[in-house]
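Participant: Numbering (our numbering), first residue to last: 1435 to 1845. Ideal Cβ placement from N, Cα and C applies to all residues, glycine included.
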Ligand SMILES: Cc1cc2nc3c(=O)[nH]c(=O)nc-3n(C[C@H](O)[C@H](O)[C@H](O)COP(=O)(O)OP(=O)(O)OC[C@H]3O[C@@H](n4cnc5c(N)ncnc54)[C@H](O)[C@@H]3O)c2cc1C
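(1) To the nearest angstrom, report how far apart residue 1585 and residue 1641 are at their CA atoms.
(2) From 1518, 1561, 1770, 1754, pick the residue whose C-alpha is nearest to that of residue 1535; which is it?
(3) Where does residue 1506 sit, in a helix, a strand or coil, going by DSSP?
(4) Is residue 1590 near ligand 1, with its Cβ less than 7 Å from a heavy atom?
(5) Helix, strand or coil for residue 1719? Go by DSSP, reduced to three states.
(6) Quick test of the definition: if touching needs 3 or more C-beta pairs under 8 Å, does the segment 1696 to 1708 touch the segment 1743 to 1755?
(7) In this structure, how does DSSP classify residue 1608 when only helix, strand and coil are distinguished?
(8) Should residue 1503 be listed as close to ligand 1, given that the test is whether its C-beta is under 7 Å from any heavy atom?
(9) For residue 1825, name the three-state secondary structure that DSSP assigns.
(10) With 16 other CB atoms within 10 Å as the buried threshold, where does residue 1680 fall?
(11) Have a look at the DSSP bridge pairing and note the partners of residue 1527.
(12) Grab the span of the alpha helix (DSSP H) containing residue 1793 for me, first residue to last.
(13) Mind the definition here: the segment 1536 to 1545 touches the segment 1571 to 1591 only if three or more C-beta pairs lie below 8 Å; say whether that holds.
(14) Would you grab the beta carbon distance between residue 1727 and residue 1706 for me? Rounded to a whole angstrom, and I think it's under 8 Å.
(15) Which class does residue 1560 belong to by DSSP, given the choice of helix, strand or coil?
(16) Can you check whether the CB of residue 1627 is closer than 8 Å to the CB of residue 1735?
(17) Residue range of the alpha helix (DSSP H) that residue 1697 falls in?
(18) Can you list, in chain order, the residues of its chain whose CB lies under 7 Å from that of residue 1597, leaving out five sequence neighbours each side?
(19) Are the CB atoms of residue 1522 and residue 1715 within a distance shorter than 8 Å?
(20) So, for residue 1742: in the same chain, excluding its five sequence neighbours on each side, which residues have a beta-carbon less than 6 Å away from its beta-carbon?
(21) Starting from residue 1665, follow the beta strand (DSSP E) in both directions and report where the run begins and ends.
(22) On the CB-based measure, 16 or more other CB atoms within 10 Å of its CB, does residue 1799 come out buried or exposed?
(23) With a threshold of 16 other CB atoms inside 10 Å of the CB of residue 1810, please say whether the residue is buried or exposed.
(24) Does the beta-carbon of residue 1546 have 16 or more other beta-carbons within 10 angstroms, so that it is buried, or is it exposed?
(25) Which partner residues of residue 1774 appear in the DSSP bridge assignment?
(26) On the criterion of 16 or more Cβ atoms from any shown chain inside 10 Å, does residue 1550 qualify as buried, or is it exposed?
(27) Among residues of its own chain, excluding the 5 on either side of residue 1567, which ones have a beta-carbon nearer than 8 Å to its beta-carbon?
(28) DSSP on residue 1839, reduced to helix/strand/coil?
(29) Using CA coordinates, which residue listed in 1722, 1730, 1703, 1788 is at the minimum distance from residue 1740?
(30) Measuring only the C-alpha atoms, how far is residue 1516 from residue 1796?
(31) Answer yes or no: do residue 1488 and residue 1494 have a C-beta to C-beta separation smaller than 8 Å?
(32) On the criterion of 16 or more Cβ atoms from any shown chain inside 10 Å, does residue 1604 qualify as buried, or is it exposed?
(33) What is the DSSP secondary structure of residue 1620, counted as helix, strand or coil?
(34) So residue 1591 and residue 1617 are in contact, right, with Cβ under 8 Å, and what is the actual spacing, rounded?
(35) Enumerate in chain order the residues of its own chain whose CB-to-CB distance from residue 1625 is below 7 Å, with the five nearest sequence positions on each side excluded.
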C-alpha cells in the first residue's frame, strides 16, 4: 500500500462500512487516498431481504453479492481478514493473520452479534442473521419434515420484535399448513418500537396464519424436544417443540468491549460525538449498530436505515476534515418502517402514510432494490426478477409450497 497517500481504513463491510466506502470512492479527491475495506466475510448481506430466501422469492446471490464483484470497478481495496484488535493510540489495526494496518482515518463499522441467552439449552437455539443461519435452518427443516410426518411440526420463535414477527410470518407461509408456530416475548406487546398501525397489521397477519403469541412470557429452559415457559411470572408450562429460534437481543463483539482508551456505554457501544467521531480520537469514526452518540436525547434504533444515513455523513465529514473545514452533526431522519408479513404481504408506514398487503410487498421490494449497493447489482437483480416473472407466466407455476421448493445450497 502506498503510504504517501492518506490511509482510510473501514472496519467491517456491512451497511455502515460498505456504504461509507462507496460514498468515499465517489469523491474526486479519492484517488489521493487508499480506501481499504476490511471484512471477514466474502459477501455483503442485505439483511432486510434475508427472509425472502426462506420462501425463495429471491436468491442468495441477489441479496448477498460478493465484495469482489461489488467493488470491481471502484478504487476501494478489499481486505478479507478478521480484525482482532485496534490500537487507537498508535493508529493501527491488528488482523487475525498477524498483519497490521496503519491508518490516518478509521471507521469502526463491525456491527453486533447475537446475545446468547443465559438459560439451560441455549446452545440448541437457531439464529436468523446470516446466510449460514439460513443454510442451517433449511437443513433442519428438511430433516424435521421427513421425521415429523404425519405429526405436526412445532416451532417456537423467541422475540416479537421485527425479526421475530417477520420470521414467523414467512415460516408460516413456507411450511405445511399444519405446522404450529408460537411467538414468545417477555414484553407486553409485539413490535413495541413500532406504530399502532404497524402493530395492528402484524397482528392481523399473525392471526391469519394461526401463529400463537405468548406475551409477558419468559423462556426458562430449552431441550431438543421441549421449551419451558413461565407465563406472567407464575405459571410454568413445558411444551413440545422441534425447533426454537432466538431473535431476542444483540451485544457487542468482545474485542470491541475490550477496546482500551475508548469510551463506551454499559452495553459496550462505542460512544461518539454528534459528528460520529470517537470522543478522544477525532480521526476515528464509529457507525451503525456498534455506536451510540454520547448524551443524545434520542436513542437511535439498530437499523440499516440509521447506518446508511450515517455512512453518508461520515464520508462528508472525512472530506471536511481533509479540507480543514468544520464537521457536521448527525441528524437522523426516520423515513418509516417496512416489514414483510409473509409471502407477498407487507406493511409500510412512512410519516403518516400506511400501506398493507400485496402492494406494500411490491413497494417494499422495490425500495430495497433501489437501496442495493451498486447500479450494476441493482440492474442484475431487477433483470433476474423480470426473467423469473416472465417464466412464471409462461409456465403457470402453482403457488410456492414447501414441497416444491428445491434447496439451493447457499454459496
Ligand atoms: C434478519 C435481519 C433483518 C433486518 N431487517 C432490517 C430492516 O428491514 N430494516 C433495517 O433498517 N434494518 C434491518 N436489520 C438491521 C440491520 O441489518 C443492521 O442494523 C445493520 O446491518 C447495521 O449495520 P452495521 O454496519 O452497523 O453492521 P453490519 O451490517 O452487521 O455489518 C458489520 C460487518 O462487520 C463485519 N465484522 C464483524 N466483526 C468483524 C471482525 N472482527 N473482522 C472483520 N469484519 C468483521 C461483519 O462480518 C459484517 O459484515 C435487520 C437485521 C437482520 C439480522
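Facilitator: Taking the geometry as given:
(1) CA-CA distance, residue 1585 to residue 1641, rounds to 22 Å.
(2) If you compare the alpha carbons of 1518, 1561, 1770, 1754 with that of residue 1535, the shortest gap goes to 1518.
(3) The answer is coil: DSSP assigns residue 1506 none of H, G, I, E or B.
(4) It does not: the Cβ of residue 1590 is nowhere closer than 7 Å to a heavy atom of ligand 1.
(5) Note: residue 1719 maps to strand in three-state DSSP.
(6) No, they do not touch.
(7) The three-state secondary structure of residue 1608, taken from DSSP, is helix.
(8) The closest heavy atom of ligand 1 lies 7 Å or more from the beta carbon of residue 1503.
(9) In the structure shown, residue 1825 sits in a helix (DSSP, three-state: H, G or I).
(10) Around the CB of residue 1680, 16 or more other CB atoms lie within 10 Å, so the residue is classed as buried.
(11) Residue 1527 pairs with 1520, 1535.
(12) Element bounds for residue 1793: 1792 to 1805.
(13) Because the criterion of three Cβ pairs below 8 Å is not met, the segment 1536 to 1545 and the segment 1571 to 1591 do not touch.
(14) The C-beta separation of residue 1727 from residue 1706 comes to about 6 Å, placing the pair in contact by the 8 Å criterion.
(15) Collapsing the DSSP output to three states places residue 1560 in a strand.
(16) Closer than 8 Å, so yes.
(17) In the DSSP annotation of this structure, residue 1697 is not part of any alpha helix (DSSP H), being labelled neither H nor E.
(18) Hits under 7 Å: 1562, 1681.
(19) Against a cut-off of 8 Å, the Cβ pair of residue 1522 and residue 1715 comes out as a contact.
(20) The beta carbon of residue 1742 sits closer than 6 Å to the beta carbons of 1449, 1453 from its chain, once the five residues preceding and following it are set aside; these are given in chain order.
(21) Note, residue 1665: beta strand (DSSP E), 1660 to 1665.
(22) Counting the other CB atoms within 10 Å of its CB gives residue 1799 a total of 16 or more, which places it among the buried residues.
(23) Classification for residue 1810: exposed.
(24) Buried.
(25) Residue pairing from DSSP places residue 1774 in a beta bridge opposite 1780.
(26) Its Cβ having fewer than 16 others within 10 Å, residue 1550 is exposed.
(27) 1560, 1561, listed in sequence order.
(28) Its pLDDT being 47, under 50, residue 1839 is placed unreliably in this model, and the value from its coordinates should be taken loosely. The three-state secondary structure of residue 1839, taken from DSSP, is coil.
(29) Among 1722, 1730, 1703, 1788, the Cα nearest to that of residue 1740 belongs to 1722.
(30) Rounded to whole angstroms, the gap between the alpha carbons of residue 1516 and residue 1796 is 37 Å.
(31) Against a cut-off of 8 Å, the Cβ pair of residue 1494 and residue 1488 comes out as no contact.
(32) Looking at its Cβ environment, which holds 16 or more other Cβ atoms inside 10 Å, residue 1604 is buried.
(33) Residue 1620 falls in the coil class under three-state DSSP.
(34) Confirmed, about 5 Å.
(35) The residues are 1594, 1595, 1596, 1599, 1632, 1633, 1636.
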